[in-house]
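**Q**
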Amino acid sequence: MGQYTQLIWAMMKTGVIGFGGGPSVVPLIRHEAVQQYGWLSDEEFAEVFGLANTLPGPIATKMAGYLGYRLKGTLGAIVAVLAHILPSSVAMIICMSMVKFFSSSPIVQGMISAVVPVVAVMLGMMAYEFAEKAVKGLGIAVGIAFFIIAIVLLQWAQLHPAIVIIVFIGYGSVHYRLKASLGKLKGGRS
Amino acid sequence: MDWIELVWLLLGFLIANILGYGGGPASIPLIYEEVVNKYAWMTPNEFSNIIALGNALPGPIATKIAAYVGYDVGGIIGAIVALAATIIPSILALIVMLKLLQRHRESKIVKGISLLVQPVIAMLMVVLTWQMARDSIIDIGWLQTVIIAAAAWWAMAVKKFHPALIVLAAFIYGGVVLPLLA
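Each protein sequence line maps, in turn, to chains L and H.
With the numbering used here, the residue at position 144 of the first sequence is 614, and numbering never jumps.
With the numbering used here, the residue at position 50 of the second sequence is 879, and numbering never jumps.
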C-alpha cells in the first residue's frame, strides 16, 4: 500500500468509527499513526498532541492535518483532512436535510422537540467536564471565582463571548507568572 | 445566494473556532452565538437538532456543524467555506508552531491561556444548557422536559449508553408519544 492509500484509509476509518467529537477520536488516530503504520513514535505523537491542545480549533482535524503534512507535505495535509471529515460531513447534511424536509409532519415535530432536552443534558455534561478541568487546574476557590466572573460578564454585562474569552486569555498569559511571584512573596514572609 | 453571506459564513466560523480551546466541543457555544444569535441562520430548535444528530453521527463535531450550516446557508460552496474557516487556521497554526517553536509547549504563557479559557467555556455551556431547557419547557411543557432529560441523563451518565442510541430513543419517543399529547 502506498503512503497516500494508508493515509486516506487511516483517516477515513478514524473519521467514521469515532463517536463523541474530536477529543475522543485522538486515541484512535494515535493507534493508526503509532501502532498500525509507525509514522511517528509515541513520544513524538504525545508532543504534537500536547502542542495541538494548546491551540484553538477542533483537535482531530489538527492531528489529521499534521500527520498528512509530515508524510506528504501540503497535499498530504489536504488529503488527510478531507478523508477524515468528508464522510461524516456528508452524512450530517443528508440527515439534517431529511429532518428538515419532513419537518411539517407532527411526528417529525415531536421527534425534533423530544431531542431538545437530550441535547440540554449533553451540553450540561460537557459543561461539567470543562468546569472539572478548570477546577483541577485552578483549585476550587479560584475556579469558582472565575466561574462567577465569567457568568457575570456573559449574562449580566451581556458581553460577546469572544470578548470574555479574550479577557480571560489576556489574564491567562500572565497567570503563572503572577502565581509564581505571589508564591515568592509568601515564601519571603514565612 | 449572496456573496456577502459567504463572507459572514467565513467570519462566523473563523471567530467561533479560533476562540474554542479544548477541541470541537468547546466551540459549540461560540458557534451557537454566531449561527443563532448573531446571523439567525438557525432557530434554537434547529441548532439543538444539529447537536443531537452531530452527537449521534461519528466524526469530529465542529466540522459536522460547519458542513450542515454552511450547506443550508450557501449550498455546497457554503459548506466548503464554513469547513475551511473551521479547520484551516488551526492546522496552519499547528504546522507553523511545530516548525518554529518546538519549545513553546512548555511555555507558562501558553499553559496559562489554555487553562483560563476553561472557566469561560464551562459557563458558556451552562448558559446554553439553560437556554435549551427553557426552550424545551416552552415547547413541550416542564413535565415532558423533565421526563426526557432525566431518562437521557440516566442513560448517558449512569448506564453509559451510546449517544446515538439515546438520540434514537428520543426520536422514537417524540414521534410516538408527543403527537398524541399535542
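Using N, Cα and C, we set each Cβ at its ideal position, and we do this for glycine too.
Please compile the residues from chain H whose C-beta is within a distance smaller than 9 Å of the C-beta of Ala553/L.
**A** The contacting residues do not exist; Ala553/L stays about 11 Å from chain H at best.
**Q** Please classify Gly538/L: does DSSP put it in a helix, a strand, or coil?
**A** helix
**Q** Any idea what DSSP makes of Trp971/H, helix, strand or coil?
**A** helix
**Q** Among the residues of its own chain, which have a CB less than 8 Å from the CB of Leu608/L, if the five just before and after it don't count?
**A** Phe616
**Q** So, using beta-carbon positions, are Leu859/H and Leu525/L closer together than 7 Å?
**A** no
**Q** Count Cβ pairs between the region 620 to 628 of chain L and the region 949 to 957 of chain H that sit closer than 8 Å; are there 3 or more?
**A** Contact between the region 620 to 628 of chain L and the region 949 to 957 of chain H is present, because at least three Cβ pairs lie under 8 Å.
**Q** How is Asp901/H classed by DSSP in three states: helix, strand or coil?
**A** helix
**Q** If the cut is a Cβ gap below 8 Å, which residues of chain B does Met961/H touch?
**A** The chain labelled as chain B is not found among the protein chains of the depicted structure, namely L and H.
**Q** Given that a residue counts as buried once 16 or more other Cβ atoms are within 10 Å of its Cβ, and exposed if not, what is Trp870/H?
**A** buried
**Q** Report the three-state DSSP secondary structure of Met481/L (helix, strand or coil).
**A** helix
**Q** Going by DSSP in three states, Ala895/H sits in which element: helix, strand or coil?
**A** helix
**Q** Measure the alpha-carbon distance for Ser936/H versus Ala547/L and round it to whole angstroms.
**A** 27 Å
**Q** Determine the closest residue to Ala561/L out of Val910/H, Ile906/H, Leu957/H and Ile879/H, with distance taken between C-alpha atoms.
**A** Ile879/H
**Q** Looking at C-alpha atoms only, which residue of Val902/H, Trp971/H, Ala986/H and Met985/H is the closest neighbour of Asp831/H?
**A** Val902/H
**Q** Tell me, please, whether the CB atom of Val946/H is closer than 7 Å to any CB atom in chain L?
**A** yes
**Q** Quick one: Cα of Lys928/H to Cα of Ile916/H, how far?
**A** 19 Å
**Q** So the candidates are Asn874/H, Gly853/H and Trp837/H; which of them puts its Cα closest to the Cα of Lys570/L?
**A** Asn874/H
**Q** Would you mind sorting Ser660/L into buried or exposed? The rule is 16 or more other CB atoms within 10 Å of its CB.
**A** Low confidence applies to Ser660/L: its pLDDT is 46, below 50, so where it sits in the model is not reliable, and the reading given next is rough at best. So Ser660/L counts as exposed.
**Q** How close, in whole Å, do the beta carbons of Ile906/H and Leu835/H come, if the pair is a contact with beta carbons under 8 Å?
**A** 7 Å
**Q** According to the Cβ coordinates, are Pro557/L and Val495/L closer than 7 Å?
**A** no
**Q** Strictly below 9 Å CB to CB, what residues from chain L border Ala913/H?
**A** Under the 9 Å cutoff, chain L gives no residues; its nearest Cβ is about 10 Å from Ala913/H.
**Q** Can you confirm whether Lys603/L, when its beta carbon is compared against all beta carbons of chain H, has any partner nearer than 7 Å?
**A** yes
**Q** For Gln506/L, count neighbouring C-beta atoms within 10 Å of its own C-beta (all shown protein chains included) and say buried if the count is 16 or more, exposed if not.
**A** The residue is exposed, with fewer than 16 neighbouring Cβ atoms inside 10 Å.
**Q** With H, G and I counted as helix, E and B as strand and the rest as coil, what does DSSP make of Val865/H?
**A** Val865/H falls in the helix class under three-state DSSP.
**Q** Would you mind working out which of Leu843/H, Val1005/H, Leu1010/H and Val946/H sits nearest Ser919/H, comparing C-alpha positions?
**A** Just measuring C-alpha positions, the residue of Leu843/H, Val1005/H, Leu1010/H and Val946/H sitting nearest Ser919/H is Leu843/H.
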